[in-house]
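Each residue of the sequence shown is one higher than the one before, starting from 0 at the first, in numbering that gives the first Met the number 0.
Note that beta-carbon positions come from the ideal geometry of N, C-alpha and C, so glycine has one too.
First comes the structure, then the notes that go with it.
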Amino acid sequence: MLQKYERPTDLQEMRKRIALRHVDFPRKAGKVLRFALEHPADTAFSTISHLARQCRVSNATVLRLPGLFGFNSFHEFRELFQAEIRRARRWD
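Okay, here's the thing in structure tokens:
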């Protein structure tokens, strides 16, 4: 069984946890995560089914990924990406 972690406060913290291997996730979830981190703007406004199609995984895989980072829902996970987009636009 996979361990649930406290959710990150921003994408930088999420990347750090991944780099330090503080989060353990299945291969298909990793595929979604890579896409999400490479395309934060797409992820910020994607639906579960759109993200699943982009990554060629099931909707269930996308739906489970946020829980691995301590989020209660995909909506909360997506909000982290939306906040990152807002932060980036403030500095432009």
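Note to self: Any contact between the region 55-73 and the region 2-16? By contact I mean 3 or more CB pairs, one from each, below 8 Å.
What the structure shows: The region 55-73, when compared against the region 2-16, does touch it at the 8 Å Cβ threshold.
Margin query: To the nearest angstrom, how far is the alpha carbon of Phe50 from that of Val61?
Written below: As a position in the sequence shown, residue 50 is number 51, starting the count at 1. As a position in the sequence shown, residue 61 is number 62, starting the count at 1. Reading the sequence as shown, one finds Leu at residue 50 and not Phe. If you take the alpha carbons of Leu50 and Val61, they lie about 7 Å apart.
Margin query: Please give me, in chain order, every unbroken run of the alpha helix (DSSP H) with length at least 4 that falls completely inside the region 8-53.
Written below: Assignment of alpha helix (DSSP H) within the region 8-53, counting only whole runs of 4 or more residues, yields 10-18, 26-37 and 39-44 in chain order.
Item checked: Burial state of Thr93 (16 or more Cβ within 10 Å) -> Past the edges of the chain, shown from 0 to 91, lies residue 93, and the structure says nothing about it.
Note to self: Between the alpha carbons of Arg33 and Glu75, how many angstroms are there, rounded?
What the structure shows: Reading the sequence shown from its first residue, position 34 is the one you call residue 33. Reading the sequence shown from its first residue, position 76 is the one you call residue 75. Each residue's alpha carbon lies about 18 Å from the other.
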